[in-house]
Structures are given as structure tokens and as C-alpha cells.
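Here our numbering is used: the first residue of the sequence shown is 6, the next is one more, and so on.
Okay, structure first, notes after.
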Amino acid sequence: MSENDNLYKDSFLNLITNIHIPILFVIILFSSHLTQAATITVCASGCDHTTIQGAVNAASSGDTINIAAGTYKENVTIEVKTLTVNGAGADSTIVDGNKSASVFSIRGSSGPPFSVTLKNMTITNGKASGSIGGGIFIEVDPSVTVTDCIISGNFANNAGGGISNLGGGILTIMDSNISSNSAGFGGGIASGTMGGAGTLTITDSTIGDNSARSNGGGIENSGLMSIDNTIIINNTAAAFGGGIANFVEALSFETTITNSIINSNMALEIGGGIIHAGKMNINNSTIIYNTGSGIVNLLIMMTITNSTISGNKGVGIINNATISITNSNISGNFGDGFSNQDNGMGILPNTALTFSTISDNMRGISNFTGMVNLDSSIVANNSSGDCSGSMISLGHNLASDNSCSLTAMGDLPNTNPLLGPLQNNGGPTESQALLPGSPAIGKGNPSCPPPSTDQRGVERPQGKCDIGAFQTADSDSDGIQDSLEGGEDADNDGLPNHEDTDSDGDGIPDRKEAGEDFDNPVDTDSDGTPDFLDLDSDNDGVPDSAEGGGGCSVASINTTTSIPLYLLIPALIVIRRVWRRYRS
6 MSENDNLYKD
16 SFLNLITNIH
26 IPILFVIILF
36 SSHLTQAATI
46 TVCASGCDHT
56 TIQGAVNAAS
66 SGDTINIAAG
76 TYKENVTIEV
86 KTLTVNGAGA
96 DSTIVDGNKS
106 ASVFSIRGSS
116 GPPFSVTLKN
126 MTITNGKASG
136 SIGGGIFIEV
146 DPSVTVTDCI
156 ISGNFANNAG
166 GGISNLGGGI
176 LTIMDSNISS
186 NSAGFGGGIA
196 SGTMGGAGTL
206 TITDSTIGDN
216 SARSNGGGIE
226 NSGLMSIDNT
236 IIINNTAAAF
246 GGGIANFVEA
256 LSFETTITNS
266 IINSNMALEI
276 GGGIIHAGKM
286 NINNSTIIYN
296 TGSGIVNLLI
306 MMTITNSTIS
316 GNKGVGIINN
326 ATISITNSNI
336 SGNFGDGFSN
346 QDNGMGILPN
356 TALTFSTISD
366 NMRGISNFTG
376 MVNLDSSIVA
386 NNSSGDCSGS
396 MISLGHNLAS
406 DNSCSLTAMG
416 DLPNTNPLLG
426 PLQNNGGPTE
436 SQALLPGSPA
446 IGKGNPSCPP
456 PSTDQRGVER
466 PQGKCDIGAF
476 QTADSDSDGI
486 QDSLEGGEDA
496 DNDGLPNHED
506 TDSDGDGIPD
516 RKEAGEDFDN
526 PVDTDSDGTP
536 DFLDLDSDND
546 GVPDSAEGGG
556 GCSVASINTT
566 TSIPLYLLIP
576 ALIVIRRVWR
586 RYRS
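Below, the structure is given as C-alpha cells:
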């Protein structure tokens, strides 16, 4: 072999060693990874496995297990494997724990993170052998997603009848029903409890008919929590928090409740709907018909916006800390609508009520200690009086009696707000409309916005901001509210009055004909039709368009010239004939 041949040989070996072998190694690894993503089937016969546990044992991380319709009496354990376990539908695939242990135990370790998804099945008859997590027991810090499942009829002696999520686990629940489970606390769900941090996210689900012998009939949480578009209903706690007991482990942990309904829950102590210590934001939600009060804010901070708290047995909201309520309606509660109370920890409660409506409760606001600041809010029609204790008015408030001591600029004490009933007026929550002629219309804080919308999401201001949670609309921006203009079409031009700046088509803008008080527009001839809807506003037989001004009678025309009035009459007759021909 020549020297050149040896050189070529050495070069080829170097190429294989330095380039091809590493590439081949990567290809082998990648191919190995691809082969791990297998689909394993489970059914009574003819599938890969006849049991779910058998499929789990055989699976590698990344696999999917498809379970056929049927009832599987098993207690399944998944340890440090990323798996998707998919049933044939919650009505078809039933995993029954036979009351012998948790139905699913998902256990992590200090090793690499992993995730488990449970889909399209019913998980029932679990009885936690270790007293925690009857339906699903999540230990250490896996990420678990529950989708399109029913978790029902499970029991834990301690925490989490339906699901327990301890430690730093991440639990996501979507499109599922957690119902009729029971536990010592957290009848439906216990998350982050017993010193853990935990993260809980619930979306498009129902948490109902669960019970706890202590706190948290529906949910007991001490970690981070987010609830969206979810119904929490008919849960019971023997102590605190019928719907939700939220006692966070760290001040930085925040809870958010959005577009949700907390309905008909019960706490034998307090907090029928929610009891809370930490940071909580409630937005576009309804807290209704709970027993043992609607909401109790024990510690730190709560913010409520665009929400309704109504029909609760007890106080609508009890505040022991700091709370901000904006664009919200607190009405029809069997006790006080809102109450500042001492929590026994030397912390004075601090309340800000802004552009909100508190009505038709036993008492509107009771302030036993601390501060209540009112801004552009309505407190009215409460059976035992609107206010008790001291209030600080920031102006532009309305009360139906004198008990709130409203003396700031723009305040309207002892005034009927003309409120409609609590009902669906559009938007995510029920509200109370301001009826036509309400003295609250246009009388809110002139610095508004903020807020830039009302409780329903209707834009503020429309002309001017209204007092309370409801903003009347002014679609054509003429300063006259839609409720006064109506939806008819007075001049038959195809535009409803509330969208027409000249509703009667007389050539005179509605704004001019209405006068300076748009809430009580001018009605010159007292015929019940305001001038801006009346073609002959002074009922003199001459159209306003001919007279050149709303409410102008013949006698009001300038006659300071030397032309006698009688010389104008023929001209007016001709104009009237032309007008009638034009209108026909």
C-alpha cells in the first residue's frame, strides 16, 4: 500500500471517529426516543392488557394508554412516568376503587419532573388507605391534568375526598365534575395542604355536593389557585368554607376566581361561600344563596370587581382585613350586605367601595371597626337602614336614608335611586339597572374613568358616569340616556331613537331640545312626549322644523321688527301645507 493510500485510510478513520460516530449516536438516541411513544390498549379481551395497572407497568414514559368502555375495579399506581391514560368517555369507562384504596395514586420523587393526564373516565369508590386522596392521590411534585372526567363517590378520612394534591404538585382540572366526595377537609379537592405549596387550576368544571367534616366542603387550598368558568355548588363544611376554604401557606400565593358561580354552599360556622386568608381576586363572578355568609375575608387582601353577592343567609361580605370592591352589586342578603369586623389580631379592616350598589339587604353596611370609604356608590333600600357606624365619603354617593352621613361634594343622601330588580341586564353577572329618571344618572365622580366600564362591561362614561355599578347607555352620545330615548323610530328614518341625534327629524338636535337637564328633558306642551321626540313640541299646530327651534311658539318669534305679526300668518299657513305634503 502506498503512502498516499495510508493517508486516505487514516483520513477516513478520522472522519468516522470524529463525525459519523457522534451523528450515528444521536440518531440512535432519537430513534430510541421515538419508539418509546407507544399506544397501549386495555380491555376485557383482545387488547394489550386486561388491567390498567398491567398497562402502566408495561408502559414507558411518554406512552398513551387507551382504556375501552367497561368497569375496571382497580387501585392504580403510577410512579415517575409521563403517561396519558385515556378512557372511552366518562359515561363509558368506570375505574372503581372498590373502597379499598385511592383509585389512582400518582407518586413522584426528587428525580426528574413528570406529568400524568387522566381523560374521559369516571373515578369512583376510592377510599384512601393512607387517609389522603380518595379518588386521586398526588404525592411530591408531579404535574397532573384531569380532563373530561367525573370524580365521584370517593372518601378520605383526612384530606381530599375527590383529589389531594400535596407538596409542590401542579394539578389542572378541565371540563370535569368533582361531586359527592367527602373528607375531613377538602371534601372535593385538597391542594397544597399540610404544609405543601401546590398549584391548582380549575377551568370549565363543576365542584358540587361534596362535604368536609372540618373546612372546605368543596375545596381546601393553601397554595396557588386559579378558578375560571366553574360552578361550585351545594358543598358543605362542618366548620369553615362551605364552597372554598383558602388559607395560603405564603403571602405571595395568589388566588383568582373569574367568571364563576359560588352557589348554595353551607358552612356551619362561617364562610358559606368562601373563607379566605391571603390574596384573592374575584372578577365577573356570582356568590349567591350560600348559608353562613357569602364571603369572609380574614387576612391580607381581597379585590372584588364586576361581581354580584346576593341572597346569602348571613352577611354578604364579612371583612377583617383589606378589601376593594368595584363595579359590584351586594343585594338581597339576609344579614348585612357588608360588614367590617375585628379579627382579634389588632389589624383594622380597611374597605374601599367604588361605583358599587348595596341594596335590599337587612342593613346595607355595618362598620364595627376600621374604615369604610365610599366613592360613587349607592347604598339604598336596606330594611334596617343603609349604614351603621362611621363612613368616609369621597363624594358622589347616594343613600336612601340619612344613616350614612353623606356630606361630601356630590353626595345625595335621603334619595330614592330608582333601582330596577336584580336581573340579567347583559354581562356576566346579574345587576340592578338605573330606571329612567334615576337621580344617580350622570352624577358619578367626574374623574371617572376609571373605571372604564360598569359591572356588565358597558363603557364608562356615556356623557357622564352614573353612580353605582350600572352605567346607563347613551348610544348616540347626545347626552340623553338610551332608556329615555327608547328603541322606537320616531321619524321613520331607519335609526332607533337612541341611535339618532335628531330623533323626531325636525332638524333640531335632541341635545338642544332636551334642555340642560338630560335626565329630565323638556316637555313644553306637557303631553308626556319630550320635545326631542315631539314634532310639534308646543302643540301650536306648527312643526318645530318650521319654527326653527324646539319648543318655539309663534308668540316667541322675534317681533321686534316693524312687521306686524298678522302678516306672518299666511306664510306660516303655506309652510304648514308644504310640511304636510312633505311628510305625506
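Even glycine gets a Cβ: it sits at the ideal position worked out from N, Cα and C.
How should Q428 be labelled, buried or exposed, when 16 other C-beta atoms within 10 angstroms of its C-beta is the threshold for buried? Locating residue 428 in the sequence shown gives position 423, counting from the first residue. So Q428 ends up on the exposed side.
Mark D479 as exposed unless 16 or more other C-beta atoms lie within 10 angstroms of its C-beta, in which case mark it buried. As a first step, residue 479 is located in the sequence shown; it is residue number 474 there, counting from the start. Label assigned to D479: buried.
Going by DSSP in three states, P253 sits in which element: helix, strand or coil? Here residue 253 is taken as the residue at index 248 of the sequence shown, counted from 1. The sequence shown places Val at residue 253, rather than the Pro named in the question. Reduced to three states, the DSSP call for V253 is coil.
When DSSP labels each residue in this structure, what does A385 get in the three-state scheme? Taking the first residue of the sequence shown as 1, we reach residue 385 at position 380. Strand.
Given this structure, state the Cα-to-Cα distance separating I262 from S333, to the nearest angstrom. Walking along the sequence shown from the start, residue 262 turns up at place 257. Walking along the sequence shown from the start, residue 333 turns up at place 328. Taking the straight line from one Cα to the other gives about 15 Å.
C-beta contact flag for S298 and N286 at 8 Å: Within the sequence shown, numbered from 1, the residue matching residue 298 stands at position 293. Within the sequence shown, numbered from 1, the residue matching residue 286 stands at position 281. No; because the gap between Cβ atoms is not below 8 Å, this pair is not in contact.
Taking the continuous beta strand (DSSP E) assigned at I513, which residues delimit it? The residue labelled residue 513 in the question sits at position 508 within the sequence shown. Per DSSP, I513 belongs to no beta strand (DSSP E) and is neither H nor E.
Counting C-beta neighbours from all protein chains within 10 Å, is the total for T2 16 or more, i.e. buried, or is it exposed? Outside the shown range of the chain, which is 6 to 589, sits residue 2, and nothing can be said about it.
Provide the residue(s) that pair with T359 in DSSP beta bridges, ordered along the chain. Locating residue 359 in the sequence shown gives position 354, where the first residue counts as 1. T331, D380.
So what's D146 in DSSP terms, helix, strand or just coil? Your numbering for residue 146 matches position 141 in the sequence shown. It is coil, neither helix nor strand.
Counting along the chain, where does the beta strand (DSSP E) carrying G75 start and finish? Taking the first residue of the sequence shown as 1, we reach residue 75 at position 70. Its beta strand (DSSP E) spans residues 75-78.
Can you tell me whether A63 is buried or exposed, with buried defined as 16 or more other CB within 10 angstroms of its CB? For the purposes of this step, residue 63 is taken as the residue at position 58 of the sequence shown. Looking at its Cβ environment, which holds fewer than 16 other Cβ atoms inside 10 Å, A63 is exposed.
Give the secondary structure of A161 by DSSP, where H, G and I count as helix, E and B as strand, and everything else as coil. In the sequence shown, counting from the first residue as 1, residue 161 sits at position 156. Reduced to three states, the DSSP call for A161 is strand.
What are the complete beta strand (DSSP E) segments, minimum 3 residues, inside the stretch 74-136? 75-78, 81-84, 88-91, 98-101, 109-112, 120-124, 127-129
Check I236 in the structure and name its three-state DSSP category. Counting from one through the sequence shown, the residue named residue 236 turns up at place 231. In the structure shown, I236 sits in a strand (DSSP, three-state: E or B).
Below 8 Å, how does it come out for the stretch 365-382 and the stretch 337-355: are there three or more Cβ pairs, yes or no? yes
Close beta carbons around S290, own chain, < 6 Å, minus the five adjacent residues each side: Your numbering for residue 290 matches position 285 in the sequence shown. Correct list, in chain order: I262, S265, S312.
Assuming F360 and G473 form a contact by the criterion Cβ under 8 Å, report the distance between their Cβ atoms to the nearest whole angstrom. Counting from one through the sequence shown, the residue named residue 360 turns up at place 355. Counting from one through the sequence shown, the residue named residue 473 turns up at place 468. So it is a contact: roughly 7 Å between Cβ atoms.
Could you check the C-alpha separation between N355 and T127 for me, to the nearest Å? Taking the first residue of the sequence shown as position 1, residue 355 is located at position 350. Taking the first residue of the sequence shown as position 1, residue 127 is located at position 122. Using only the alpha carbons, I get a separation of about 45 Å.
Paired residues, beta bridge with M230 - DSSP: Taking the first residue of the sequence shown as 1, we reach residue 230 at position 225. L205, T260.
Considering Cα atoms alone, identify which of A357, M414, A74 is closest to A95. For this step, residue 95 is matched to residue 90 along the sequence shown. The option with the nearest alpha carbon to A95 is A74.
Check whether the stretch 436-446 and the stretch 323-331 touch, using three or more Cβ-Cβ pairs below 8 Å as the test. no
CA nearest to the CA of N226, picked from T206, R218, N239: Counting from one through the sequence shown, the residue named residue 226 turns up at place 221. Out of T206, R218, N239, T206 has the C-alpha closest to the C-alpha of N226.
Rounding to the nearest angstrom, what Cα-Cα distance links T98 and G468 in this structure? The residue you call residue 98 lines up with position 93 of the sequence shown. The residue you call residue 468 lines up with position 463 of the sequence shown. One C-alpha to the other measures close to 58 Å.
Among all the DSSP beta bridges, which residues are the ones paired with I293? Start at 1 with the first residue of the sequence shown, and residue 293 comes out as number 288. Paired residues: N268, S315.
Supposed close pair G223, A188 - CB separation, criterion 8 Å: Here residue 223 corresponds to residue number 218 of the sequence shown, with the count starting at 1. Here residue 188 corresponds to residue number 183 of the sequence shown, with the count starting at 1. Between A188 and G223 the Cβ distance is about 11 Å, and since that is not below 8 Å, they are no contact.
Cβ-based burial, S65 [other Cβ within 10 Å; buried from 16]: For this step, residue 65 is matched to residue 60 along the sequence shown. Burial call: exposed.
Using the beta-carbon count (16 or more within 10 Å), is L303 buried or exposed? Here residue 303 refers to the residue found at position 298 when the sequence shown is read from its first residue. Under this definition L303 is a buried residue.
Going by other Cβ atoms of all chains shown within 10 Å of its Cβ, with 16 needed for buried, is P117 buried or exposed? By 1-based counting over the sequence shown, the position of residue 117 is 112. That one is exposed.
Beta-carbon within less than 7 Å of S5's beta-carbon, same chain only, minus the 5 sequence neighbours each way: which residues are those? Residue 5 cannot be examined here, being either before or after the span of the chain that is shown, 6 to 589.
What number of angstroms, rounded off, separates the C-alpha of Q460 from the C-alpha of Q476? Start at 1 with the first residue of the sequence shown, and residue 460 comes out as number 455. Start at 1 with the first residue of the sequence shown, and residue 476 comes out as number 471. Answer to the nearest angstrom: the Cα atoms are 8 Å apart.
CA-CA distance, I322 and E493? Translated into the one-based positions of the sequence shown, residue 322 becomes position 317. Translated into the one-based positions of the sequence shown, residue 493 becomes position 488. In a straight line, the C-alpha of I322 is about 42 Å away from that of E493.
Judging by CA-CA distance, which residue of N240, L379, G369, G425 is the nearest neighbour of G340? As a first step, residue 340 is located in the sequence shown; it is residue number 335 there, counting from the start. Taking only the C-alpha atoms, the option nearest G340 is G369.
Between which two residues does the beta strand (DSSP E) carrying Q428 extend? As a working mapping, residue 428 is identified with position 423 in the sequence shown. Taken as a continuous stretch (DSSP letters only), the beta strand (DSSP E) holding Q428 covers 424-428.
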